[in-house]
Each structure stands twice: as structure tokens, then as C-alpha cells.
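Each remark here refers to the structure printed beneath this line.
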Amino acid sequence: MKHIEKLESELVERIYNLFLVKYEGNKSSFARDSNCTETTIRRILRNEQGITINLLIRIANALDTTPSELLKGVQLKKDE
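Just so you know, we're using full-length UniProt numbering here: the sequence shown kicks off at 1 and counts up by one.
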């Protein structure tokens with residue numbers, strides 16, 4: 001697996017774990033609070049869609065955290 005894909009999977013896993021705690025699996029509520037479609041949430045959680053900065057900010061806000069906290073410790077190697 002490419003390094004970037006691994007980092008993206010790690011980010012999605014962090015989002016998913018927070019989503020399960022706050023929304024108890026309710027994708028509709030999560031989507032509404034993230035101001036995006038449920039389809040977008042489903043695709044992100046299945047690693048089928050990338051996350052823009054705008055969407056990351058809205059998701060973090062819905063999860064009562066910050067984009068910085070979600071990305072904490074995620075580092076891209078310079079040569080990749």
C-alpha cells in the first residue's frame with residue numbers, strides 16, 4: 001500500500017472511531033452535522049472518497065474536535 005493511502009486510511013479510522021462514539025453509527029445525523037450528503041459520509045468511511053480540507057474541517061467540527069487533532073502524528077515522508 002502506498003504511504004499516502006496508508007495515511008488516509010489512518011485518518012478515516014480516526015474519524016470512524018469518533019463517529020461511532022458520538023453518533024452510534026447514525027450516518028444521517030453525522031452527514032447533517034457535517035453539512036454534506038450521507039453518500040459522501042458513506043464513501044469516506046469506506047475509503048472510496050478523499051477528504052478535502054473543507055470537508056475535514058466540517059467533519060472535525062461535527063465530531064467536536066479539530067482538523068489538527070485528527071491529523072496529529074500523521075506525517076508524509078518528504079520523498080513520497
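Here a beta-carbon is modelled for each residue, glycine too, at the ideal position from N, C-alpha and C.
A Cβ-Cβ separation of about 13 Å leaves K22 out of contact with I41 under the 8 Å criterion. Where R46 is concerned, there is no enclosing alpha helix (DSSP H), because DSSP gives it neither an H nor an E.
The Cβ atoms of A60 and T52 lie no closer than 7 Å to each other. Put simply, the backbone Cα of R14 is about 13 Å away from that of D64. When only Cα atoms are considered, Q75 and L7 end up about 8 Å apart. By the neighbour-count criterion, in which 16 or more other beta carbons inside 10 Å mark a residue as buried, L20 falls on the exposed side. Distance from the Cα of R58 is smallest, within the candidate group Q49, R46, E48, A31, for A31.
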